[in-house]
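Residue numbers (this note's numbering): 11 to 228.
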């Protein structure tokens, strides 16, 4: 006998429909229990479903922004650590220039200059090593941080600068055996230190803005 030949009484049909409805309700309840949501599909409640989806999208966007802010914080911290290290090297170089100025011994002056050139090389290396995940604010890199879910609504751009020895100007005077050259080198290094202090202050201000927005987003 074919399946199509089976006939159901009205009572049997009602029982079958009731069982199907119960199975559907049970499945829906299990979905809610497993997901923790009252509404899982647009069929449950279209208005609530799409409202919840919009909130979920916004939360996801904000999480992405928080990740971006965390990356920006680390990038700025790396740059600031680089500035501090370069500052220490310049201070050491100033000591060498002062010693060269204080002596008339040509051999000593040449020795001091040789040591200075080694420090100069380290300054440039430090600047190039102060980046984070491809962004280096000490090699003129730029950092763009988005704060709002929609791109462009709230944004901060952090501009970097060149912190290598050449761009800081501390190699402008060479041949320290020539009278007056070590003193001139000292002047250029003082200017470089002023530049680094100014840039460090700007980075600190930007870092404060980002950390404040992080707390606000939390």
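Idealized CB from N, CA, C, for every residue including glycine.
The model shown is predicted, which means the values in this text are computed figures rather than measured ones.
* Contact check, residue 3 vs residue 88 under 8 Å by CB: the rounded distance? -> There is no way to answer for residue 3, as the model of the chain reaches only from 11 to 228.
* Span separating the alpha-carbon of residue 146 from that of residue 166 -> Cα to Cα, residue 146 sits roughly 16 Å from residue 166.
* To do: Alpha carbon to alpha carbon, how far is residue 76 from residue 159? Give it in angstroms, no decimals.
  => One alpha carbon belongs to residue 159, the other to residue 76, and they sit about 10 Å apart.
* To do: Would you give the residue range spanned by the alpha helix (DSSP H) that residue 117 belongs to?
  => According to the DSSP assignment, residue 117 belongs to the alpha helix (DSSP H) that extends over 116-138.
* Asked: Exposed or buried, what is residue 225 when buried is set at 16 or more other beta-carbons lying within 10 Å of its beta-carbon?
  -> Here residue 225 is exposed, its C-beta having fewer than 16 other C-beta atoms within 10 Å.
* To do: Ignore the nearest five residues each way along the sequence and tell me which others in residue 179's own chain have a CB closer than 7 Å to its CB.
  => Taken in chain order, the residues that qualify are 198, 201, 202.
* Asked: Taking all protein chains shown into account, do 16 or more other C-beta atoms lie within 10 angstroms of the C-beta of residue 144, making it buried, or fewer, making it exposed?
  -> Classification of residue 144: exposed, given that the 10 Å Cβ count is below 16.
* Asked: If you drop the 5 nearest sequence neighbours on each side, which residues of the same chain put their C-beta closer than 7 Å to that of residue 116?
  -> Around residue 116: 187.
* 8 Å Cβ cutoff met for residue 174 and residue 137 -> Yes.
* Starting from the C-beta of residue 82, find all residues in its chain whose C-beta is less than 6 Å away, skip the five residues before and the five after it, and write them out in chain order. => So the qualifying residues of the chain are 153, 155, 220.
* To do: Just tell me which of 79, 84, 134 has its CA closest to the CA of residue 99.
  => For the options 79, 84, 134, the alpha carbon positioned closest to that of residue 99 is the one of 134.
* How big is the Cα-Cα spacing for residue 170 and residue 151? -> Cα to Cα, the separation comes out at about 5 Å.
* Less than 8 Å separating the beta-carbons of residue 217 and residue 86? -> One thing to note: residue 217 has its Cβ within 8 Å of the Cβ of residue 86.
* To do: With a floor of 4 residues, list each alpha helix (DSSP H) that falls wholly inside the stretch 150-204, ordered by position along the chain.
  => Segments of the alpha helix (DSSP H) lying fully in the stretch 150-204: 175-178.
* To do: Would you kindly work out how many angstroms separate the C-alpha atoms of residue 8 and residue 19, rounded to a whole number?
  => This structure does not reach residue 8, given that the chain is present from 11 up to 228, and the question cannot be answered.
* To do: Kindly indicate which three-state DSSP category residue 113 falls into: helix, strand or coil?
  => In the structure shown, residue 113 sits in coil (DSSP, three-state: anything other than H, G, I, E or B).
* For residue 145, which beta-bridge partners are listed by DSSP? -> Answer is 142.
* Give me the Cβ distance between residue 140 and residue 127, rounded to the nearest whole Å; I'm assuming they're in contact under 8 Å. => Wrong, their Cβ atoms sit about 21 Å apart, outside the cutoff.
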